[in-house]
Amino acid sequence: MRGLPRAERPRLKKLVRLGTLNVGTLTGRSREVADLMKRRRIQVLCLQETRWKGAKAREIGEGVKLYYNGEDTKRNGVGIAVAESLKDSVAAVQRINDRIMSLRLDTREGYWTIMSLRLDTKEGYWTIMSVYAPQTRCSERDKDDFYLSLEEAIRSVPEATTSP
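In full-length UniProt numbering, the protein residues as written are 1 to 164.
#1: In this structure, does DSSP put R75 in helix, strand or coil?
#2: Given that a residue counts as buried once 16 or more other Cβ atoms are within 10 Å of its Cβ, and exposed if not, what is I60?
#3: To the nearest angstrom, how far is it from the Cα of E152 to the Cα of E49?
#4: Taking only the alpha-carbon atoms, compute the straight-line gap between K74 and K38 and give it to the nearest angstrom.
#5: When the distance is taken between beta carbons, is V33 closer than 8 Å to V23?
#6: Could you check how far apart the C-beta atoms of I100 and V78 are, in whole angstroms? I think they sit under 8 Å.
#7: Check for me: the alpha helix (DSSP H) holding R39 runs from which residue to which?
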C-alpha cells in the first residue's frame, strides 16, 4: 500500500487556479484573456508584456477585472486579472514598477497576495511570486534595478508562520 490511508489523506477545501501568461501585447486581446480565464477556470492570471500605459484597473469581460501597470506602450508592463468570484476580495494593489506588481486579496479563509500570493492555511502561509524579468538584451543597469526591486518585494512578504 502506498501513501496515506484514504481517511488520513489531506483534503483541499477550496481550489484556486492560478496562471501566468506572456501576452506579447494586450492591445486588442483583453477579451481573449477573459475568455481564456473562463474556459480554463482560472481565478487569477498574472500577465507580462501587457504594453499598456498607466496604473489602472478595468473590466475586460466575463466579469474579469484587470489591474495593470506600465510606463510605455512599446515595452514591458504587467497586470493581474482576477475572476468575478474573487474581484470583490481585492484589498490592496501595489504597483512597484512596470515589471513587478502586488495585489492583496482578503477572503474569509485568509489573506492572499499576488506577486506575492499569500494564502493563510491551517498548515501556515504559502507565497507564490510572479515577475517579468528583463531580457538578455537589456542593459546591466536595468537588470540590476529589476533585481533590487524584486529583492525588496520578496523581503516585504512576511515570513512563514504556522496558524494557531
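For each residue, glycine too, the CB sits at the ideal point set by N, CA and C.
Let me lay it out:
#1: Reduced to three states, the DSSP call for R75 is coil.
#2: Buried.
#3: A direct Cα-to-Cα measurement between E152 and E49 gives close to 21 Å.
#4: Each residue's Cα considered, the two are about 28 Å apart.
#5: Closer than 8 Å, so yes.
#6: The C-beta separation of I100 from V78 comes to about 7 Å, placing the pair in contact by the 8 Å criterion.
#7: Segment S30 to R40, the alpha helix (DSSP H) holding R39.
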